[in-house]
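Enquirer: What follows is a structure written as structure tokens; I'll ask about it next.
Chains as they are written, first to last, in our numbering: chain L, 28 to 140; chain R, -19 to 93.
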């Protein structure tokens, strides 16, 4: 049982380049999330999805887009990367009811130079 | 604005002692409070969840308390071991949709022999 898998694990981008981070979960979870983690800032929610075909903005959505075409996949896109987007990105998923744990991927370390 | 505070300084304790970590929040009325463990280079892993109408929750050597009047949660690890060394994150879940979590910055625990 793989849980939540993120691809890639590491990436270096030049300013202005674009990329897509892929998150896949095999637990049939309805809810999926993208967070970024920066030193001293904690995990901050970028975008989330409550089901296939739905997306919504989180706390820090600017500069990112997401898509949930399939229930098991949640994609995070950076159209024009900026150094401020250098961070560790985590995907998470959970069941569709409150008071339930979130399962996290192993993270993607992104550096924008 | 909403704020979640965890002691940013590392907590150093001796093996066998009880570690107590604090999570304080303001301008928030969470329905649930969760604690996660994060090891370097890894994603957070769920430990315990406590509901707003619960005072205390236990799981093996772990205990969580939740005081909605003080707006505080305490996380205890009894008989601590070097393997407990990690960063511990507090997360609040509100009553809205999607079970979105808001995280504190975490407290690093170091257990020494």
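All C-beta atoms in this analysis are idealised placements derived from N, C-alpha and C, irrespective of residue type, glycine included.
In angstroms, rounded to a whole number, what distance separates the CA positions of residue 137 of chain L and residue 87 of chain L?
Expert: Along the first chain, one-based indexing puts residue 137 of chain L at 110. Along the first chain, one-based indexing puts residue 87 of chain L at 60. If I take the Cα positions, the gap works out to 16 Å.
Enquirer: List the DSSP bridge partners of residue 2 of chain R.
Expert: Counting from 1 along the second chain, the entry for residue 2 of chain R is found at position 22. Paired residues: R:54.
Enquirer: Identify, in the order they occur along the chain, each residue of the same chain with its Cβ nearer than 8 Å to the Cβ of residue 40 of chain L, setting aside the five sequence neighbours on each side.
Expert: Along the first chain, read from residue 1 onward, the residue named residue 40 of chain L stands at position 13. Same-chain partners within the cutoff: 46, 105, 108, 137, 138, 139 and 140.
Enquirer: Counting only C-beta atoms, is residue 14 of chain R closer than 8 Å to chain L at any point?
Expert: Residue mapping note: residue 14 of chain R aligns to position 34 of the second chain, counting from 1. Output row for residue 14 of chain R: interface = yes.
Enquirer: Span of the beta strand (DSSP E) holding residue 91 of chain L?
Expert: As a working note, residue 91 of chain L is residue 64 in the first chain. Here residue 91 of chain L belongs to no beta strand (DSSP E), and DSSP marks it neither H nor E.
Enquirer: Report the neighbours of residue 67 of chain L on chain R: residues whose CB is nearer than 8 Å to its CB, in chain order.
Expert: For this step, residue 67 of chain L is matched to residue 40 along the first chain. Going along chain R in sequence order, the residues near residue 67 of chain L (Cβ under 8 Å) are -12 and 85.
Enquirer: So, using beta-carbon positions, are residue 23 of chain R and residue 134 of chain L closer together than 8 Å?
Expert: As a working mapping, residue 23 of chain R is identified with position 43 in the second chain. As a working mapping, residue 134 of chain L is identified with position 107 in the first chain. Yes, they are a contact pair.
Enquirer: Contact check, residue 77 of chain L vs residue 57 of chain L under 8 Å by CB: the rounded distance?
Expert: Within the first chain, residue 77 of chain L is the residue found at index 50, counting from 1. Within the first chain, residue 57 of chain L is the residue found at index 30, counting from 1. Contact flag correct, Cβ pair sits at about 6 Å.
Enquirer: Out of R:66, R:33, R:73 and R:60, state which residue places its alpha-carbon closest to the alpha-carbon of residue -11 of chain R.
Expert: Numbered from its first residue, the second chain carries residue -11 of chain R at position 9. Among R:66, R:33, R:73 and R:60, the Cα nearest to that of residue -11 of chain R belongs to R:66.
Enquirer: Quick one: is residue 22 of chain R near chain L, going by C-beta distance under 8 Å?
Expert: Along the second chain, read from residue 1 onward, the residue named residue 22 of chain R stands at position 42. Yes, because at least one Cβ of chain L sits closer than 8 Å to the Cβ of residue 22 of chain R.
Enquirer: What's the C-alpha gap between residue 48 of chain R and residue 87 of chain R?
Expert: Indexing the second chain from 1 puts residue 48 of chain R at position 68. Indexing the second chain from 1 puts residue 87 of chain R at position 107. The alpha-carbon atoms of residue 48 of chain R and residue 87 of chain R are separated by roughly 21 Å.
Enquirer: Can you check DSSP and say which residues form a bridge with residue 56 of chain L?
Expert: Locating residue 56 of chain L in the first chain gives position 29, counting from the first residue. Partner(s): none; residue 56 of chain L has no beta bridge.
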